[in-house]
Amino acid sequence: MKVTMMDAALKYAEANIPVIPLHWICEDGSCSCKKGQQCDSKGKHPLYTGWYKNSTADMEQIKKWWTKTPNANIGIPTGEKSGWLVLDVDDGGDETLSALESTYGNLPDTVTAVTGRGGRHYIFKYPEGRSIPNKTKFASGFDIRSNGGLIVVSPSVHISGNRYEWIKDHSLFDRTPAEAPEWLLKLMERVEVLLTPFEGSSIAAEIKEGSRNSTLTSLAGTMRVRGMTEESIYAALLAENNARCNPPLDEAEIKKIYSLGFQRVSSL
-3 MKVTMMDAAL
7 KYAEANIPVI
17 PLHWICEDGS
27 CSCKKGQQCD
37 SKGKHPLYTG
47 WYKNSTADME
57 QIKKWWTKTP
67 NANIGIPTGE
77 KSGWLVLDVD
87 DGGDETLSAL
97 ESTYGNLPDT
107 VTAVTGRGGR
117 HYIFKYPEGR
127 SIPNKTKFAS
137 GFDIRSNGGL
147 IVVSPSVHIS
157 GNRYEWIKDH
167 SLFDRTPAEA
177 PEWLLKLMER
187 VEVLLTPFEG
197 SSIAAEIKEG
207 SRNSTLTSLA
217 GTMRVRGMTE
227 ESIYAALLAE
237 NNARCNPPLD
247 EAEIKKIYSL
257 GFQRVSSL
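See the structure below:
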């Protein structure tokens, strides 16, 4: 039997997870909101204002919402409202995550979903007493969903036609969110975006063979002077290497450059 959006929303509520109805994708591929085809967040934004405060696990309210708009996608608020802190990995974020995990260790097994465009939502327990903002591209391919944010959840439909899905044995019905590792929380807490010293790297001039090491070493030193953390510097160097170096250096070389960046600063 096909699970309706209302059924799914009620199941989240039974697990005491607050939900909110979102706009949905119409048959012609437009968003159900007034902007239609011009919407730049098709099927991903709330139907109602005040949605963060009004998101709820109240069954009667959920039935009213989805009776009125049965096709509405399902959103779950992040941050203190749900107790969730979400790492959204997309657009090359797999490489960033792989590099960080090789340095700091793997992310713990936690509640995990596949997004409509094939990315990942890693859901961690919201850390009380920490100041973690919502932030896009705080590292290459990484977004944070925290207080005031939301994620779209299964079985919602993406503009691609794909559905958001929980990974087998990793849904919120299978396990509880793990605590985020300290290195990830420190990255998330940074005021600067990782690419601050050289923002817009995708349109910045490429770094040609012969000047790759010197340019990246200089950038590492600059980031250290600006007070960026070791984790931030390493992730940013990897991102710049992938985005601008032609051809990119291998990771062992980036580690050497990263160390040199620290030596340069300590000798000043």
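When we follow the working numbering, the leftmost residue of the sequence shown carries the number -3, and every step to the right adds one. Backbone N, C-alpha and C define an ideal beta-carbon position, used for all residues, glycine too.
Looking at the structure shown, is TRP20 part of a helix, part of a strand, or coil, going by DSSP?
The count along the sequence shown starts at 1 and reaches residue 20 at position 24. Residue state, collapsed to three classes: coil.
Which same chain residues, not among the five before or five after TYR230, have their C-beta less than 6 angstroms away from its C-beta?
Taking the sequence shown and counting its residues from 1, one reaches residue 230 at position 234. Excluding positions up to five away in sequence, the list reads TYR254.
Is the Cβ-Cβ distance between ILE119 and VAL85 less than 7 angstroms?
The count along the sequence shown starts at 1 and reaches residue 119 at position 123. The count along the sequence shown starts at 1 and reaches residue 85 at position 89. No.
Nearest to GLU97 by CA position, among THR132, LEU180, GLU161, is which residue?
For the purposes of this step, residue 97 is identified with residue 101 of the sequence shown, where counting begins at 1. Closest option to GLU97, Cα to Cα, is LEU180.
Is LYS133 helix, strand or coil when you go by DSSP?
Taking the first residue of the sequence shown as 1, we reach residue 133 at position 137. LYS133: strand per DSSP, three-state reduction.
Can you tell me whether ASP165 is buried or exposed, with buried defined as 16 or more other CB within 10 angstroms of its CB?
Working through the sequence shown from its first residue, we reach residue 165 at position 169. Counting Cβ neighbours within 10 Å, ASP165 comes out exposed, since fewer than 16 surround it.
Going residue by residue through the stretch 33 to 93, where are the continuous alpha helix (DSSP H) segments of at least 4 residues, counting only ones entirely within it?
If we require 4 residues or more, the alpha helix (DSSP H) runs fully inside the stretch 33 to 93 come out as 47 to 50, 55 to 64.
Measuring straight from C-alpha to C-alpha, what distance separates ARG126 and GLY144?
The residue labelled residue 126 in the question sits at position 130 within the sequence shown. The residue labelled residue 144 in the question sits at position 148 within the sequence shown. Whole-angstrom Cα-Cα distance: 15 angstroms.
State yes or no: is the beta carbon of GLY79 nearer than 7 angstroms to at least one beta carbon in chain C?
Protein chains in the displayed structure number just one, and chain C is not present.
According to the Cβ coordinates, are LEU245 and ARG186 closer than 7 angstroms?
Translated into positions along the sequence shown, residue 245 becomes position 249. Translated into positions along the sequence shown, residue 186 becomes position 190. No.
Just how far apart, CA to CA, sit THR52 and LYS31?
Working through the sequence shown from its first residue, we reach residue 52 at position 56. Working through the sequence shown from its first residue, we reach residue 31 at position 35. If I take the Cα positions, the gap works out to 26 angstroms.
Under the rule that 16 or more other beta-carbon atoms within 10 Å means buried, what is GLY89, buried or exposed?
Translated into positions along the sequence shown, residue 89 becomes position 93. Its Cβ being crowded by 16 or more others within 10 Å, GLY89 is buried.
If you draw a straight line from the C-alpha of THR65 to the C-alpha of ALA176, how long is it?
Reading the sequence shown from its first residue, position 69 is the one you call residue 65. Reading the sequence shown from its first residue, position 180 is the one you call residue 176. THR65 and ALA176: Cα-Cα distance of roughly 35 angstroms.
So what's ALA174 in DSSP terms, helix, strand or just coil?
The residue labelled residue 174 in the question sits at position 178 within the sequence shown. If DSSP states are grouped into helix, strand and coil, ALA174 belongs with the strands.
How is LYS108 classed by DSSP in three states: helix, strand or coil?
Here residue 108 is taken as the residue at index 112 of the sequence shown, counted from 1. Per the sequence shown, the amino acid found at residue 108 is Thr instead of Lys. If DSSP states are grouped into helix, strand and coil, THR108 belongs with the strands.
Identify whether ARG240 lies in helix, strand or coil by the three-state DSSP scheme.
Numbered from its first residue, the sequence shown carries residue 240 at position 244. The answer is helix: DSSP assigns ARG240 an H, G or I state.
Whose C-alpha, out of HIS154, ASP87, PRO73, TRP62, is nearest the C-alpha of GLY46?
Numbered from 1 along the sequence shown, position 50 holds the residue referred to as residue 46. Per the Cα distances, PRO73.
Spatial neighbours of MET2 within its chain, please: C-beta separation below 8 angstroms, excluding the five flanking residues on both sides.
Translated into the one-based positions of the sequence shown, residue 2 becomes position 6. The residues are ILE58, LYS59, TRP62, THR63, PRO66.
Let's test the definition: count the other Cβ atoms within 10 Å of the Cβ of GLY196 and tell me whether it reaches 16, buried, or not, exposed.
Taking the sequence shown and counting its residues from 1, the one referred to as residue 196 is at position 200. Any reading at GLY196 needs caution, since the residue's pLDDT is 38, under 50, leaving its predicted position unreliable; the model's value is listed next. Classification for GLY196: exposed.
With a 10 Å radius around its C-beta and 16 neighbouring C-beta atoms as the bar for buried, classify TYR44 as buried or exposed.
The residue given as residue 44 occupies position 48 in the sequence shown. Burial call: exposed.
What's the gap between the Cα of GLY71 and the Cα of ASN102?
Translated into positions along the sequence shown, residue 71 becomes position 75. Translated into positions along the sequence shown, residue 102 becomes position 106. Cα-Cα distance, rounded: 28 angstroms.
Is it true that the stretch 202 to 217 meets the stretch 99 to 115, where meeting means three or more beta-carbon pairs spaced less than 8 angstroms apart?
No, the stretch 202 to 217 is not in contact with the stretch 99 to 115.
What's the call for GLY25, buried or exposed, on a 16-neighbour Cβ count within 10 Å?
Along the sequence shown, one-based indexing puts residue 25 at 29. Label assigned to GLY25: exposed.
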